[in-house]
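Just so we're aligned, residue 27 is where the sequence shown starts under the working numbering, counting upward by one. Glycine included, every Cβ here is placed at the ideal spot set by N, Cα and C. Nothing here was measured: the structure is a model prediction, and the numbers come from that model.
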Amino acid sequence: MITENIGKIFELPLQAMEHMVESFHIEMDRGLSGEKSSLKMIPTYAGMPTGEEKGIYMALDMGGTNFRVLQIELKGGRKTGRPSIMKFVLGKEEIAGTAEQFFDFIAESVKTFLKKQKHKAGGPCDLGFTFSFPIQQTSAARGILICWTKGFQTSGVVGKDVVGLLCQAFRRKGVEDINISALVNDTVGTLVAKSYADTACDVGVIIGTGTNACYPEELRKIKKLRGAKPRRGRMIINIEWGNFNKLASTHYDRQLDEESENSGQQILEKMVSGMYLGEIARLILHEAAIEGSLSCGLIPFLMKRKSFEAEHMSLIEGDKTGGLKLIGELLAKSGLRKFSVNDRRVIKKVCETVSRRAARISASCIAAIVTKIDPKLSRAHTIAIDGSLFERHPTFSTNMEAALKEILGRKASLVKLTLAKDGSGKGAAIIAAVAAKR
Ligand code: GLC
27 MITENIGKIF
37 ELPLQAMEHM
47 VESFHIEMDR
57 GLSGEKSSLK
67 MIPTYAGMPT
77 GEEKGIYMAL
87 DMGGTNFRVL
97 QIELKGGRKT
107 GRPSIMKFVL
117 GKEEIAGTAE
127 QFFDFIAESV
137 KTFLKKQKHK
147 AGGPCDLGFT
157 FSFPIQQTSA
167 ARGILICWTK
177 GFQTSGVVGK
187 DVVGLLCQAF
197 RRKGVEDINI
207 SALVNDTVGT
217 LVAKSYADTA
227 CDVGVIIGTG
237 TNACYPEELR
247 KIKKLRGAKP
257 RRGRMIINIE
267 WGNFNKLAST
277 HYDRQLDEES
287 ENSGQQILEK
297 MVSGMYLGEI
307 ARLILHEAAI
317 EGSLSCGLIP
327 FLMKRKSFEA
337 EHMSLIEGDK
347 TGGLKLIGEL
357 LAKSGLRKFS
367 VNDRRVIKKV
377 CETVSRRAAR
387 ISASCIAAIV
397 TKIDPKLSRA
407 HTIAIDGSLF
417 ERHPTFSTNM
427 EAALKEILGR
437 KASLVKLTLA
447 KDGSGKGAAI
457 IAAVAAKR
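Structure follows, in structure tokens:
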């Protein structure tokens, strides 16, 4: 019976996590040397800020269907003012449409923001553009989209410089006095924003719709930076860990991958991030219903692709009521009538199994990054983490902490996982400031 074996199938025992750490290190090194690797290890041309940056800066934070425009004052002494923020939502039309539609929408939103802000910078304002997709950066403010992730399919963007496309849209829409001085990944923004207040912070992670991480690497170790002689200093590397593929997969993972729009890519992301976790759970539950471990009335619902979302998992796993009342309410809301207490128990167990594996995979990657930076773990490391799954799932963070303890032993107490909410925009503004000074 699936319900009896599922724990075993999805188990990621200590040995498997240790193995993951090892292969993650190998893939990191390959990626840094420019060899074939599932980890792109993208040099971002961004360093860590000094904390003394001053002035008014803007950021455009675009990493999913919601995006934000913000302006913030950096005051020096690691202090910042309160940002002014406006949120916008990209429609299906822009996501599935052309590059021009997509970037025009963004430009219009910036225009709307500037009208409201009356452009406090009093002259050209530097802007950090957070664009959270795999970008091959060629300088601080230039980068080519390698491929879309997270279900985006806008045509005419892959292979193009996204800063160039945004500048053209600014021109078309009459957006003036903005200088895009940095192109930023959301993980990088999250790291930089957190490190402003906490200097022990050296890893930025996102575990939300998508998942990824970054860290500052010594320049001399980034061997693929052509023309660069061994130099001192560090540059932040966008790992793009979502594409890591040295993982044992189940037939559910393989089915999900085959049915996805980017089959063969983002294998880790498909086991970890909010965009896919619900679908893995649905595939298992569908099989359980077919074999008779769940009431057959659930089958039509479970047959529908993407009918089950990560947010539902958070709610289900958080249900501590006797008789699992909240799960019952959720099923009823989805139009289901006949289900038993056993169904609710099975659903909860499946969700727990899937999210626990995701948390353990994430923890293994973090252990790999921290031991890459500091092999003997001789100092404290703060890991800045943003994303809905880490923030809202009831046991994701505690499962991650437990896994870290298994991998790192007592030294795990040196690694602090902290929620760094909405840092990517603020971080982008700080990076814009650093880049503009250069
Ligand atoms: C996807 C993107 C990556 C981003 C992550 C989190 O994995 O490829 O660039 O950082 O989602 O938003």
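Report task. Tell me where the alpha helix (DSSP H) around serine 360 begins and ends. Result -> Residue 360 sits at position 334 when you count from the first residue of the sequence shown. For serine 360, there is no enclosing alpha helix (DSSP H), as DSSP marks it with neither H nor E.
Requested in this report: Spatial neighbours of leucine 282 within its chain, please: CB distance less than 8 Å, with the 5 preceding and 5 following residues excluded, ordered by chain position.
Outcome: As a working note, residue 282 is residue 256 in the sequence shown. Closer than 8 Å at the Cβ level, and outside the excluded window around leucine 282, lie Lys296, Tyr302, Glu305, Ile306 and Leu309.
Query raised in the report: How far does the alpha helix (DSSP H) with tyrosine 222 in it reach, from first residue to last?
Result: As a first step, residue 222 is located in the sequence shown; it is residue number 196 there, counting from the start. DSSP places tyrosine 222 in the uninterrupted alpha helix (DSSP H) bounded by 212-223.
Query raised in the report: With contact counted as at least three CB pairs below 8 Å, one residue from each stretch, are the region 200-214 and the region 379-390 in contact?
Result: Contact fails: fewer than three Cβ-Cβ distances are below 8 Å.
**Report entry** arginine 198 versus glutamate 417 - alpha carbon distance
**Finding:** Locating residue 198 in the sequence shown gives position 172, counting from the first residue. Locating residue 417 in the sequence shown gives position 391, counting from the first residue. Spanning the two alpha carbons is a distance of roughly 38 Å.
Requested in this report: Compute every distance between the C-beta of glutamate 295 and the non-hydrogen atoms of the ligand GLC, then say whether any falls below 8 Å.
Outcome: Sequence index remark: in the sequence shown, residue 295 carries index 269 (1-based). Within the cutoff, so yes.
**Report entry** Counterpart residues of glutamine 163 in DSSP-defined beta bridges
**Finding:** Within the sequence shown, residue 163 is the residue found at index 137, counting from 1. In DSSP, glutamine 163 forms a bridge with Gly169.
Query raised in the report: For the ligand GTP, any of its heavy atoms closer than 8 Å to the Cβ of isoleucine 395?
Result: Ligands present in the displayed structure are limited to the ligand GLC, and the ligand GTP is not among them.
Report task. Indicate, with yes or no, if the ligand GLC has a heavy atom lying under 8 Å from the CB of serine 299. Result -> As a working note, residue 299 is residue 273 in the sequence shown. Yes, since a heavy atom of the ligand GLC falls inside the 8 Å radius drawn around the Cβ of serine 299.
Query raised in the report: Say the cut is 8 Å; is the CB of proline 160 nearer than that to a heavy atom of the ligand GLC?
Result: For this step, residue 160 is matched to residue 134 along the sequence shown. Yes.
Query raised in the report: Distance, Cα to Cα, phenylalanine 128 vs isoleucine 121?
Result: By one-based count along the sequence shown, residue 128 stands at place 102. By one-based count along the sequence shown, residue 121 stands at place 95. Rounded to whole angstroms, the separation of the alpha carbons of isoleucine 121 and phenylalanine 128 is 7 Å.
Query raised in the report: Does the count of Cβ pairs from the region 188-198 and the region 423-431 closer than 8 Å reach three?
Result: Contact between the region 188-198 and the region 423-431 is absent, because fewer than three Cβ pairs lie under 8 Å.
**Report entry** Range of the contiguous beta strand (DSSP E) that encloses tyrosine 83
**Finding:** Numbered from 1 along the sequence shown, position 57 holds the residue referred to as residue 83. Bounds of the beta strand (DSSP E) holding tyrosine 83 are 80-88.
Requested in this report: Using the DSSP secondary-structure output, state which residues sit across from serine 110 in a beta bridge.
Outcome: Taking the first residue of the sequence shown as 1, we reach residue 110 at position 84. Per DSSP, Gln97.
Requested in this report: Can you have a look at alanine 226 and say buried or exposed, based on whether 16 or more other CB atoms are within 10 angstroms of its CB?
Outcome: Mapped onto the sequence shown, residue 226 falls at position 200. Sixteen is the threshold: since fewer than 16 other Cβ atoms of the shown chains lie within 10 Å of the Cβ of alanine 226, the residue is exposed.
Query raised in the report: Does the region 364-380 come close enough to the region 405-413 that 3 or more CB-CB pairs lie under 8 Å?
Result: Because the criterion of three Cβ pairs below 8 Å is not met, the region 405-413 and the region 364-380 do not touch.
Query raised in the report: Looking at serine 207 and leucine 153, is the spacing between their C-beta atoms short of 9 Å?
Result: Locating residue 153 in the sequence shown gives position 127, where the first residue counts as 1. Locating residue 207 in the sequence shown gives position 181, where the first residue counts as 1. Against a cut-off of 9 Å, the Cβ pair of serine 207 and leucine 153 comes out as a contact.
Report task. In the DSSP assignment, find the unbroken alpha helix (DSSP H) run with lysine 442 in it and report its ends. Result -> For this step, residue 442 is matched to residue 416 along the sequence shown. Careful: lysine 442 lies outside any alpha helix (DSSP H), inside the beta strand (DSSP E) at 441-445.
Requested in this report: Work out the CA separation of isoleucine 35 and leucine 362 for me, nearest whole Å.
Outcome: Here residue 362 refers to the residue found at position 336 when the sequence shown is read from its first residue. Here residue 35 refers to the residue found at position 9 when the sequence shown is read from its first residue. When rounded, the distance between both Cα atoms is 28 Å.
Query raised in the report: What alpha helix (DSSP H) runs, 4 residues minimum, are completely inside the region 237-294?
Result: Along the region 237-294, the alpha helix (DSSP H) occurs as fully enclosed runs of 4 or more residues at 277-285, listed in sequence order.
Report task. Consider the C-beta atom of asparagine 238 and the heavy atoms of the ligand GLC; say whether any pair is separated by less than 8 Å. Result -> Numbered from 1 along the sequence shown, position 212 holds the residue referred to as residue 238. Result yes, Cβ under 8 Å from the ligand GLC.
Query raised in the report: Hey, would you say the C-beta of glutamine 179 is under 8 Å away from at least one heavy atom of the ligand GLC?
Result: Locating residue 179 in the sequence shown gives position 153, where the first residue counts as 1. False, no ligand heavy atom lies under 8 Å from that Cβ.
**Report entry** Secondary structure of glycine 190, DSSP reduced to three states
**Finding:** Counted from its first residue, the sequence shown places residue 190 at position 164. DSSP places glycine 190 in helix when its eight states are reduced to three.
Query raised in the report: Under the three-state reduction of DSSP, which class applies to alanine 410: helix, strand or coil?
Result: Residue numbering aside, residue 410 sits at position 384 when the sequence shown is read from its first letter. It is a strand residue.
Report task. Whole angstroms is fine: what's the gap from arginine 485's alpha carbon to lysine 364's? Result -> Within the shown structure, residues of the chain are numbered from 27 to 464, placing residue 485 beyond reach of any answer.
Query raised in the report: Would the beta-carbon of lysine 501 be found less than 8 Å away from any heavy atom of the ligand GLC?
Result: Because residue 501 is not part of the residues shown, which for the chain are 27 to 464, the question remains open.
Report task. Please report how far the alpha carbon of valine 184 lies from the alpha carbon of tryptophan 174, in whole angstroms. Result -> As a first step, residue 184 must be located in the sequence shown, where it is residue number 158. As a first step, residue 174 must be located in the sequence shown, where it is residue number 148. So the two alpha carbons sit approximately 7 Å from each other.
Query raised in the report: Contact check, valine 376 vs leucine 311 under 8 Å by CB: the rounded distance?
Result: Here residue 376 refers to the residue found at position 350 when the sequence shown is read from its first residue. Here residue 311 refers to the residue found at position 285 when the sequence shown is read from its first residue. The Cβ separation is near 6 Å, so the contact holds.
Query - Anticipated Cβ contact below 8 Å, isoleucine 395 with leucine 294, distance rounded - result: Translated into positions along the sequence shown, residue 395 becomes position 369. Translated into positions along the sequence shown, residue 294 becomes position 268. Approximately 13 Å separates the beta-carbon atoms of isoleucine 395 and leucine 294; this is outside 8 Å, ruling out the contact.
Query raised in the report: On the three-pair Cβ rule with 8 Å, is the region 51-70 touching the region 82-90?
Result: Flag = no, the region 51-70 and the region 82-90 do not touch.
Query raised in the report: Could you give the distance in angstroms between the alpha-carbon of alanine 223 and the alpha-carbon of aspartate 400?
Result: Stepping through the sequence shown from its first residue, residue 223 is reached at position 197. Stepping through the sequence shown from its first residue, residue 400 is reached at position 374. Rounded to the nearest angstrom, the two C-alpha atoms are 21 Å apart.
Requested in this report: Give the single residue among Phe327, Lys359 and Gln179 whose Cα lies nearest to the Cα of asparagine 288.
Outcome: The count along the sequence shown starts at 1 and reaches residue 288 at position 262. Out of Phe327, Lys359 and Gln179, Gln179 has the C-alpha closest to the C-alpha of asparagine 288.
Query - glutamate 266 beta carbon near the ligand GLC (any heavy atom closer than 8 Å) - result: The count along the sequence shown starts at 1 and reaches residue 266 at position 240. Yes, since a heavy atom of the ligand GLC falls inside the 8 Å radius drawn around the Cβ of glutamate 266.
Query raised in the report: Taking Cβ to Cβ, would you say proline 420 is nearer than 9 Å to glycine 344?
Result: Mapped onto the sequence shown, residue 420 falls at position 394. Mapped onto the sequence shown, residue 344 falls at position 318. Closer than 9 Å, so yes.
Query raised in the report: Which one or two residues does DSSP pair with threonine 235 in a beta bridge?
Result: The count along the sequence shown starts at 1 and reaches residue 235 at position 209. DSSP lists no partner for threonine 235.
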